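A.B. asks:
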Amino acid sequence: MRHPSPETPLPRAVEVISTSPGRPLAERIRIRENDRAPLAPTEVRIGMLVMNILPADLLQMNQQYGHQPELPYVPGHEGVAVVLETGNEVADLKTGERVLPIGVFGVWSDELVVQRRSLVPVPSDAPVLQQAMLVANPATAWVLLQHQVSIQPGQWVIQNAANSAVGQCTRQLASHLGIQLINVVRRPEAVASDEGGHWLVDDGQDPDALQHSVRQITQGEPVVLGLDAIGGKASQALAASLSPQGRLVHYGLLSGEPCSISAHDLIFRNIHVQGFWLANWFSNPDNRQKAKTVYPALMALAAQNVLRMSVEKVYELSDIHAAITHSAQAGRQGKVLLKGVHFQSEQV
Numbered sequence: 195m196r197h198p199s200p201e202t203p204l205p206r207a208v209e210v211i212s213t214s215p216g217r218p219l220a221e222r223i224r225i226r227e228n229d230r231a232p233l234a235p236t237e238v239r240i241g242m243l244v245m246n247i248l249p250a251d252l253l254q255m256n257q258q259y260g261h262q263p264e265l266p267y268v269p270g271h272e273g274v275a276v277v278l279e280t281g282n283e284v285a286d287l288k289t290g291e292r293v294l295p296i297g298v299f300g301v302w303s304d305e306l307v308v309q310r311r312s313l314v315p316v317p318s319d320a321p322v323l324q325q326a327m328l329v330a331n332p333a334t335a336w337v338l339l340q341h342q343v344s345i346q347p348g349q350w351v352i353q354n355a356a357n358s359a360v361g362q363c364t365r366q367l368a369s370h371l372g373i374q375l376i377n378v379v380r381r382p383e384a385v386a387s388d389e390g391g392h393w394l395v396d397d398g399q400d401p402d403a404l405q406h407s408v409r410q411i412t413q414g415e416p417v418v419l420g421l422d423a424i425g426g427k428a429s430q431a432l433a434a435s436l437s438p439q440g441r442l443v444h445y446g447l448l449s450g451e452p453c454s455i456s457a458h459d460l461i462f463r464n465i466h467v468q469g470f471w472l473a474n475w476f477s478n479p480d481n482r483q484k485a486k487t488v489y490p491a492l493m494a495l496a497a498q499n500v501l502r503m504s505v506e507k508v509y510e511l512s513d514i515h516a517a518i519t520h521s522a523q524a525g526r527q528g529k530v531l532l533k534g535v536h537f538q539s540e541q542v
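Residue numbers (my numbering): 195 to 542.
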């Protein structure tokens, strides 16, 4: 057990101070200093190395997320950290070991105190930027393809927002698993032609047009699963492209509009529609055994370079205002990340 030196600067944290929709996101946050609390026996002090800015974080700042904390609060759901200090009952973690905080809220901080059970050790010689993005988007794609709906090799799946982070993970996992994937994007420049799968450019406004294009690609083979991150008319277009008995899973709020599904598809073609939130899936006791396998599987795939997510820019935690503004921009080519005071450039 190591204790921070009294001369060590106090750790910083991002704090959300307003959710007023009339103010830009960057104006609703500030940087504050935190005191270092003593550790309970089963607690661990971690130093955040790299933190991801997720759509969930931005939705939460706009009061549009499933969990809405009281103001002021420290945001952040995903990142990778290093062990700084352990409580006297924590014997299986060492100072300097790299860990993923799982189910921990408030990671946009230099340092955090968490329960040992919330930490998953990860290799300290793996790319730290990739590890910082491992908790949410890859897990969402993996669970959707492997556990929420069991897709077999050779079966057809269609997804919209295919150039998003979850979409990128779904493309890579589908290729690895032998799943036939149709990727729908709204702009021609969003097509990643160097990656697997079939690509369609469609604005989601004409379900008949998308359905026709899908049938040409599949040559009439059934499309069993649709992954919808957008909502609105895009949901209807995706549902119309599914085969009878197909399942549409809605997991994102990119349009901010409710799902629009044709009654014809629901009644006569028996299309099943369901929502998906990774946090709910992990908290379901029925998924306990499956949940234990998710992150070991993802770490193995990342080590094999099966999973590799794009990064557009890494900001210092102190540059959070610029980072938030950048993250909210459309047309990015990768994720926007934050790095804490414990980050070392050689860890990349």
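Heads up, the beta-carbon is just placed ideally off N, CA and C, and yes, glycines get one too. The structure displayed is predicted, hence computed values, not measured ones.
#1: Given this structure, state the Cα-to-Cα distance separating P249 from G270, to the nearest angstrom.
#2: In the structure shown, what three-state DSSP assignment does V378 receive?
#3: Which two residues bound the contiguous alpha helix (DSSP H) that contains R482?
#4: What is the rounded straight-line gap between the Cα of G273 and the Cα of I352?
#5: Quick one: using the 10 Å Cβ neighbour count with 16 as the cut-off for buried, is V530 buried or exposed?
#6: From S214, P321, A207, pick the residue whose C-alpha is nearest to that of A497; which is it?
#7: Per the DSSP calculation, S504 is bridged to which residue(s)?
#8: Between L375 and G348, what straight-line distance do the alpha-carbon atoms span, to the nearest angstrom?
#9: Below 8 Å on the Cβ atoms is my guess for P416 versus S437; work out the distance and round it to an integer in Å.
#10: Looking at the structure shown, is S358 part of a helix, part of a strand, or coil, going by DSSP?
#11: Closer than 6 Å by C-beta to G420: which residues in its own chain qualify, once you throw out the five before and the five after it? Chain order, please.
#12: Are Q405 and A423 touching if we call contact CB-CB under 9 Å?
#13: Among all the DSSP beta bridges, which residues are the ones paired with D422?
#14: Skipping 5 residues on each side, what residues in its chain have a beta carbon closer than 8 Å to that of T519?
#15: Using a Cβ distance threshold of 8 Å, determine whether the region 308-316 contacts the region 277-295, with at least three qualifying pairs required.
#16: Short of 6 Å in beta carbon distance, which residues of its chain neighbour E283, apart from the five on each side in sequence? Order them along the chain.
#17: Could you say which of N499, S521, M503, R502 lies nearest to Y509 if we only look at CA atoms?
#18: Over what stretch of residues does the alpha helix (DSSP H) that includes H406 continue unbroken?
#19: Taking only beta-carbon positions, decide if L436 is within less than 9 Å of chain D.
#20: Taking three-plus beta-carbon pairs below 8 Å as touching, is the region 481-494 in contact with the region 305-312?
#21: Give me the residue from T334, H458, H536 with the minimum Cα distance to W471.
#22: Should G372 go down as buried or exposed, given a rule of 16 or more other Cβ atoms within 10 Å for buried?
#23: Report buried or exposed for H444, applying the criterion of at least 16 other Cβ atoms within 10 angstroms of its Cβ.
#24: If you scan the region 267-347 from start to end, which runs of the beta strand (DSSP E) of 3 or more residues do you find wholly inside it?
#25: Kindly indicate the opening and closing residues of the alpha helix (DSSP H) around H520.
#26: For V418 and Q439, I'd like the C-alpha separation in whole angstroms.
#27: Quick one: what does DSSP say H370 is sitting in, helix, strand or coil?
#28: Looking only at C-alpha atoms, which of V378, I240, N481 sits nearest to T280?
#29: Can you look up Q430 in the DSSP assignment and give me helix, strand or coil?
#30: Measuring only the C-alpha atoms, how far is L532 from R224?
#31: Roughly how many whole angstroms lie between the Cα atoms of M327 and M245?
#32: May I have a chain-ordered list of the alpha helix (DSSP H) segments no shorter than 4 residues that lie completely inside the region 215-277?
#33: Going by DSSP in three states, L472 sits in which element: helix, strand or coil?
#34: Given R526, which residues of its chain have a CB within under 8 Å of its CB, disregarding the five upstream and five downstream residues?
#35: Using a 10 Å radius around the Cβ and a threshold of 16 neighbouring Cβ atoms, would you call L478 buried or exposed?
C.D. replies: This is what the structure holds:
#1: Whole-angstrom Cα-Cα distance: 10 Å.
#2: The answer is strand: DSSP assigns V378 an E or B state.
#3: R482 -> alpha helix (DSSP H) spans 482-497.
#4: Here the alpha carbons of I352 and G273 stand approximately 29 Å from one another.
#5: Buried: at least 16 other Cβ atoms inside 10 Å.
#6: Comparing Cα-Cα distances from A497 to each of S214, P321, A207, the minimum goes to P321.
#7: Checking the DSSP bridge columns, you'll see S504 has no partner listed.
#8: Roughly 9 Å separates the two Cα atoms.
#9: Contact between P416 and S437 holds, with the beta-carbon distance rounding to 4 Å and staying under 8 Å.
#10: Coil, per DSSP.
#11: Beyond the five residues adjoining it in sequence on each side, G420 comes within less than 6 Å, by CB distance, of I352, L432, L436, L442 in the same chain, given in chain order.
#12: Contact flag unset, no.
#13: In the DSSP assignment, D422 is bridged to H444.
#14: Excluding positions up to five away in sequence, the list reads P218, L219, A220.
#15: Short answer: they touch.
#16: For E283, same chain residues with a beta-carbon under 6 Å away, outside a window of 5 residues either side, are P235, T236 in chain order.
#17: Out of N499, S521, M503, R502, S521 has the C-alpha closest to the C-alpha of Y509.
#18: Judged by DSSP secondary structure, H406 falls within the alpha helix (DSSP H) whose first and last residues are 401-412.
#19: The displayed structure is made up of one protein chain only, and chain D is not part of it.
#20: Taking 8 Å as the limit for Cβ pairs, the verdict is that the region 305-312 does not touch the region 481-494.
#21: It is T334 whose Cα lies nearest to the Cα of W471.
#22: The residue in question, G372, is exposed, as its Cβ has fewer than 16 Cβ neighbours within 10 Å.
#23: Looking at its Cβ environment, which holds 16 or more other Cβ atoms inside 10 Å, H444 is buried.
#24: Secondary structure in the region 267-347: the beta strand (DSSP E) runs of 3 residues or longer, each lying completely within the stretch, are 273-280, 292-295, 305-309, 313-315 in chain order.
#25: DSSP places H520 in the uninterrupted alpha helix (DSSP H) bounded by 514-521.
#26: A straight line joining the alpha-carbon of V418 with that of Q439 spans about 7 Å.
#27: DSSP, reduced to helix, strand and coil, places H370 within a helical segment of the structure shown.
#28: Nearest option by C-alpha distance: I240.
#29: In the three-state DSSP reduction, Q430 falls in the helix class (H, G or I).
#30: Those two C-alpha atoms are separated by around 14 Å.
#31: For M327 and M245, the distance between alpha carbons rounds to 8 Å.
#32: DSSP runs (the alpha helix (DSSP H)) wholly in the region 215-277: 249-255.
#33: Note: L472 maps to helix in three-state DSSP.
#34: Within the same chain, E506, H520 come within 8 Å of R526 by CB-CB distance, once the 5 residues on both sides are set aside.
#35: First, the residue type needs correcting, since residue 478 is Asn and not Leu in the sequence shown. Looking at its Cβ environment, which holds fewer than 16 other Cβ atoms inside 10 Å, N478 is exposed.
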